[in-house]
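Protein chains in written order, with my numbering: chain B, 2 to 113; chain A, 7 to 120.
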């Protein structure tokens, strides 16, 4: 049972490049999330998906897009990366009514 | 702005002492959860308390919830060096319809000195 799997673990991008962060869960969870973590800022919600086919903006959605491809997969896309998007990105999933959330190991993204 | 705010931002104690962290939030909730994070790794769930509960225990953890004050506390008793980590509270704020989004505070960095 893998839980939540994020890829890649590390990435360096040049300003203006695009990339997609992948996330998959094997726990049959309805809800999936993307957060970013910056020093002193805790975890800030970028986008979330309460169920397959739905997505909603979180606290810091600008510069990002998401796709809930199916119940298992929730991807985060940076269309034109900026240095301000340098951060650690976490994907998470949870079951009905947001009980315990399970996290991936994170993607460390640096934009130069 | 973030839903939850932990206090203090950092806490340093000796092994064997108790550690108390507080969390305040802004809107009504269904449940409040506490998570632990070691050195930038993924967060791990510790305990969940529902809005109709006032206190919950799990091993050395004790969580209280006061919905009238929109606050919660996490007590770790008889702390160990291995408890050194960042601790976050999370709340499920309603976002419309039956959807709830899980939002986190900025965390408390706990250091337990041997």
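Every residue, glycine too, gets a C-beta built ideally from N, C-alpha and C.
Keep in mind it's a predicted model, so treat the numbers as computed, not measured.
When only Cα atoms are considered, residue 29 of chain A and residue 78 of chain A end up about 5 Å apart. Under a criterion of Cβ atoms nearer than 8 Å, the residues of chain A adjacent to residue 91 of chain B are, in order, 48 and 49. Bounds of any beta strand (DSSP E) do not take in residue 42 of chain B, whose DSSP letter is neither H nor E. Look at residue 27 of chain B here: in three-state DSSP terms it is coil, with no helix or strand label. Here residue 18 of chain A has 117 as same chain residues with Cβ atoms under 6 Å from its own Cβ, once five neighbours each way along the sequence are excluded. Annotation: residue 115 of chain A has no Cβ neighbours in chain B at a cutoff of 9 Å; minimum Cβ distance is about 10 Å.
Per the coordinates, the alpha-carbon of residue 56 of chain B lies some 14 Å from the alpha-carbon of residue 92 of chain B. When DSSP reads this structure, residue 43 of chain A sits in a beta bridge with A/92. Secondary structure within the stretch 58 to 106 of chain B: the beta strand (DSSP E) runs of 3 or more consecutive residues, fully enclosed, are 65 to 69, 75 to 79, 88 to 95 and 102 to 104 (chain order). Chain B places a beta carbon closer than 8 Å to that of residue 112 of chain A, counting this residue as a contact. Using a 10 angstroms sphere on the CB of residue 30 of chain B, the tally of other CB atoms reaches 16 or more, which defines it as buried.
The stretch 55 to 71 of chain A and the stretch 24 to 40 of chain A touch, with no fewer than 3 CB-CB distances between them shorter than 8 Å. A Cβ-Cβ distance of about 5 Å is found for the pair residue 92 of chain A and residue 43 of chain A, placing them in contact under the 8 Å criterion. With fewer than 16 neighbouring CB atoms inside 10 Å of its own CB, residue 70 of chain B falls in the exposed class.
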